[in-house]
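Heads up: the protein sequence lines correspond to chains A and B, in order. Heads up, the working numbering is the position in the first sequence plus 119, with the first residue counted as 1. Heads up, the working numbering is the position in the second sequence plus 274, with the first residue counted as 1. Glycine included, C-beta positions come from ideal geometry on N, C-alpha and C. As the structure is a prediction and not an experimental result, all values here were calculated from the model.
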Amino acid sequence: MLELTDVTVAFDGAVAVDGVDLAVADGDVLAVLGPSGCGKSTLLRAVAGLEPAVGTIAWDGVDLAGTPTHRRGFALMFQDGQLFDHLTVARNVGYALRLRGADRRTVRREVDDLLELVGLGGYAERLPRTLSGGERQRVALARSLAARPRLLLLDEPLSALDASLRVRLAADLRRILTEAGTTALFVTHDQSEAFAVADRIAVMRGGRVVQEGPAAELWRAPVDAPAARSLGYSVVLDGDAATLVARAASVPLEPGGQLAVRSSGIRALPADGADGGGAANGAGGVVGVGGGSLPGTVRSVRLGPDGLRLDVDVDGAGRLAALADAATEPAPGDRVRLHVDAGACAALPPRGAGRWT
Amino acid sequence: MSAARSRGRVRGHVGYAVLALVPVAVVSVFFVLPVGAMLHRGLWPEGSFDPGAVLDVLRRPRTGRVVWFTLWTSTVATTVAVLLGLPAAYVLHRLRFPGRSVVRAALLVPFVLPTVVVGLAVRELIAPSGVLGFLDLDGTAVAIIIGLVFFNVSVVIRTVGVAWESLDRRPAEAAAALGATPWQVFRTVTLPALRPAVVSAASVVFLFCATAFGVVLVLGGVRYASVETEIYLLTADLLDLPAAAALSLVQMLAVVCLLVVVGRLRAVPDPTVRRVVAPAARPRWRDTPAVVVTLMTLAAVALPILALVVGSLRRDGGWSLDHYRALGGSADGLFEVPVSDALAASLRIAVDATWLSLSLGLVVAFVVTRRVRSLVGRRVRAVLDGFFMLPLGVSAVTLGFGFLIALDQPPLDLRASPMLVPIAQALVALPIVVRLLVPVLAGIDDRQRQAAASLGAGPVRTLLTVDLAVVWRPLLAAAGFAFAVSLGEFGATSFIVRPSEPTLPVVIYRLLGHPGALNHGTALAASVVLASVTAAVILVVERLRVPGTGAW
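See below:
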């Protein structure tokens, strides 16, 4: 298992990684999630032994400080693959095997197996430049796996790909890692990628890890507003808006606390819709009754991949984004009721309680 | 609309053709014609084709010895230069340490030092009275190899260094992360990536070694001759033109073969170039061997120059400036032209040669880097590219002698023209100028030009905003190189320069031919002056270099 204790990396005085403590258990996949420039790639490179770090980076209790990259047994997969352009796909994948002096037949067999595993059977003799971005990344993954690493380090492996490919490859990556039982440390700026691939997630910001835990736990309970945003919450409310929306969703909220809401959790229904009763109510009335819905006025309507996206001026709570069924045909100026799903809300501790506001 | 468009395209083709014709004409008249005339004299001695004479020459035992000597000394010198140059290229282009740019520039100087000066400097070092006199190398083949390595190691350092500097660090890191030791990383990732640069460097060095003139002439004495000095001897002293033409032919064929082989070797599976200048790293303990070799190379380059400077300051066992004083006048009356006059002539000629080769090189670079879409266009461009590199492979002596015999009758009677020497020198410098400009021009993303055009810039305006903005620095650098090459050019110049108006290298060589300690000392002093001027020019050039370019 990998253990980082108080790891710090500084370049000419600028601190890129600042006192990070992390652990990855055998067979686990840990995603380090953070915006670009937060130091996550530097952390990864430090684990690989490519950047000089202060603090302890240990594997199974053994400090790796004096161990050069090639003896660590950690394979690093780069954002753009870094395939060796002068070698064929097969020779790229078989690289680590040849380094260990495996005989030709073994190399051939393992390479074929790995190419099958990543879904690229029959690509052995191609040159890297003839491959698409997604294929290159699959080859890079196969090449890393061929090294039988104790730990696989993945540096934004899917970021260079387009959105739909990213989703597909993320699922493949998860399958391949779990099938092989690989321990992996994986950095990304994309929360959907992190949730799709990792068991545990560490949120990093400004060189520090601000929250770490099982993916499901972080999904439910981000530690603060920026963490909530990087974990996929679309908006963080405070003040009256937070109180109002929390009450509508029946989520307990400390006084002064913030409420993070996922846009997928807010649905707009016509004000005079199916469950009717509230149509005639005044603004305060509905909320006061605690019926779980917020009245408001539609400001604009756009089409989105998962339905209509409304910008709604909620009475007493300001603007909120909501989804609506296309069949309801809302138009700007229409009155709607917003239904807030408690599962899409996270109550954050009051401002100032965390390190970051 | 399509009519207008095709009219525009035709106009574009015509413009391209006219532009391409200018350098083609110049190179044809001033290169192909003289060299052809020289070959013609040899192969058609009595006005009829007589290859028998040529074959006879090739059967002479002396010819065999000369060819063999040229081959083995060039091979050894190339090998040594590559072995010394690789570690230095790494240290000077991948590591970060104080004084790096000074060392880099210092190691660039030998390449532009006039060959006569290099020969003289090495001889000062190994002469019985020199620092390394005890090794008894004077007049041996080893002396020649030292001289060849001395001025070619900088070519290896520069060419490989530039490639190394723009080598992405990450593939090597990926290999290390896959378990490759530093040596395995070097062998399997770094070396394959550097191979084109190493092959180019080695081939250019071999070419320079095999056609070296001044160094062999000064160091070889009467015992050793290379193909190049033999051609000189046969034409200038023995007037045996068929023999000289035969050797020229052999040399040209060898060069063409070499270029073809090199083209094959340079071909890599993936030719795309990624020019990212990798940040230099702090030296680590495992870099020690490379650093030691670099320091040795530096010392080896500095020693002959020091010997030269010291020699120029010593007279009758004491320190003296007499040799420098003698530069101003014709001290013993043994040489007709004061060295200061020769320096002035050299500078004047160099200025002319520089603007000639620069304007020619610029046109050539534009022509060979223009995007062409048709297959025929690409073929034509490839042929032009090779055509303009011809002067690189043909002996300067052949060129000089060809000038003498081809440009002496109307309408091309240029013997009296003050432009004759500059033209010859410009042609010698042309391949270097083109090699410096082409990568930069080729590296301009065509979309930049398209963006300029889409914003309403006409072709000329586009050229000014996009191309000129990028090319001015390498253009100045190329000017510096052309200037330095012209200052040191000796092979062709020695044939065509007017006796009353010699250039500095010619005067130095004449001084060496006269006996007397003062003459020898004055030659040393003149060499120091010439070396200082070229070194100064090159140090300025180094500051103008675009990182990631400037290789062969």
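- [ ] With a 10 Å radius around its C-beta and 16 neighbouring C-beta atoms as the bar for buried, classify Leu582 (chain B) as buried or exposed.
- [x] buried
Open item on the list: Quick check on the burial criterion: 16 or more other C-beta atoms within 10 angstroms. Buried or exposed for Phe130 (chain A)?
Closed with: exposed
Task: Short Cβ contact (9 angstroms threshold) for Ala184 (chain A) with Val128 (chain A) - done: no
- [ ] Measure how close the beta-carbons of Phe193 (chain A) and Ala451 (chain B) come, nearest whole angstrom, since I'm counting them as under 8 angstroms.
- [x] 6 angstroms
- [ ] Quick one: list the residues of chain B neighbouring Ala215 (chain A), beta-carbon separation under 7 angstroms, in chain order.
- [x] Leu452, Gly453
Open item on the list: What ranges does the alpha helix (DSSP H) occupy inside the stretch 170-249 of chain A, keeping only unbroken runs of at least 4 residues that lie completely in it?
Closed with: 188-191, 208-212, 214-218, 223-236
Open item on the list: Under 7 angstroms, CB to CB, which of the residues in the stretch 194-206 of chain A have a partner in chain B?
Closed with: Ala194, Leu195, Phe197, Gln201, Phe203, Asp204, His205
- [ ] Quick one: give me the first and last residue of the beta strand (DSSP E) that Asp511 (chain B) is part of.
- [x] No beta strand (DSSP E) holds Asp511 (chain B); DSSP gives it neither H nor E.
Task: Distance between Ile320 (chain A) and Gly375 (chain A) (C-alpha atoms, nearest Å) - done: 27 angstroms
TODO: Could you check if Trp438 (chain B) is buried or exposed, using at least 16 other CB atoms within 10 Å of its CB as the buried criterion?
DONE: buried
Task: Proximity test, Cβ basis, 9 angstroms: Thr562 (chain B) and chain A - done: no
- [ ] May I ask you to report which of helix, strand or coil DSSP gives Trp593 (chain B)?
- [x] strand
Open item on the list: So that I know if they touch, is there some Cβ in chain A lying closer than 9 angstroms to that of Pro557 (chain B)?
Closed with: no
Task: Under 9 angstroms between C-beta atoms of Glu816 (chain B) and Ala379 (chain B) - done: yes
Open item on the list: Considering Cα atoms alone, identify which of A:Leu246, A:Ala289, A:Val143, A:Ser383 is closest to Gly180 (chain A).
Closed with: A:Val143
Open item on the list: Counting C-beta neighbours from all protein chains within 10 Å, is the total for Leu427 (chain A) 16 or more, i.e. buried, or is it exposed?
Closed with: buried
Task: Within 7 angstroms of chain A by C-beta, residues of the stretch 749-760 of chain B in sequence order - done: none
Task: Assigned secondary structure, Phe130 (chain A) (DSSP; H/G/I helix, E/B strand, else coil) - done: strand
Open item on the list: Give me the chain B residues within the contact set of Leu169 (chain A), using Cβ-Cβ distance strictly less than 7 angstroms, ordered along the chain.
Closed with: Glu447
- [ ] Name the one or two DSSP bridge partners that Pro389 (chain A) has.
- [x] A:Val455
Open item on the list: For Gly732 (chain B) and Ala725 (chain B), I'd like the C-alpha separation in whole angstroms.
Closed with: 11 angstroms
TODO: Consider the Cβ of Gly156 (chain A): report whether some Cβ of chain B lies at a distance smaller than 9 angstroms.
DONE: no
- [ ] Could you list which residues in chain A have their beta carbon closer than 7 angstroms to that of Pro466 (chain B), in chain order?
- [x] His205
Task: Span of the alpha helix (DSSP H), counted from its first residue to its last, around Asp430 (chain A) - done: First-last for Asp430 (chain A): 426-433, but that is the beta strand (DSSP E), not the alpha helix (DSSP H).
Task: Short CB-CB distance (under 9 angstroms) between Ala463 (chain A) and chain B - done: no
- [ ] Determine, using beta carbons only, whether His189 (chain A) comes closer than 9 angstroms to chain B.
- [x] yes
Open item on the list: Is there a Cβ of chain A sitting closer than 9 angstroms to that of Gln458 (chain B), yes or no?
Closed with: yes
Open item on the list: Within 10 Å of its beta-carbon, does His287 (chain B) have 16 or more other beta-carbons around it, so buried, or fewer, so exposed?
Closed with: exposed
Open item on the list: Using the three-state DSSP reduction, which class does Glu331 (chain A) fall into: helix, strand or coil?
Closed with: strand
- [ ] Could you check how far apart the C-beta atoms of Tyr506 (chain B) and Phe487 (chain B) are, in whole angstroms? I think they sit under 8 angstroms.
- [x] 7 angstroms
Open item on the list: Quick check: what's the CA-CA separation for Pro445 (chain B) versus Phe197 (chain A)?
Closed with: 9 angstroms
Open item on the list: Is the separation between the beta-carbon of Pro563 (chain B) and that of Pro361 (chain B) shorter than 9 angstroms?
Closed with: yes
TODO: Can you grab the Cα-Cα spacing for the pair Asp140 (chain A) / Val355 (chain A), in whole Å?
DONE: 28 angstroms
TODO: Confirm, please, whether the CB-CB distance from Leu786 (chain B) to Val803 (chain B) is below 9 angstroms.
DONE: no
TODO: Inspect the beta-carbon positions of Val420 (chain A) and Leu457 (chain A) and report whether they are closer than 9 angstroms.
DONE: no
- [ ] Count the other CB atoms, across all protein chains shown, that sit within 10 Å of the CB of Gly213 (chain A); report buried if there are 16 or more and exposed otherwise.
- [x] buried
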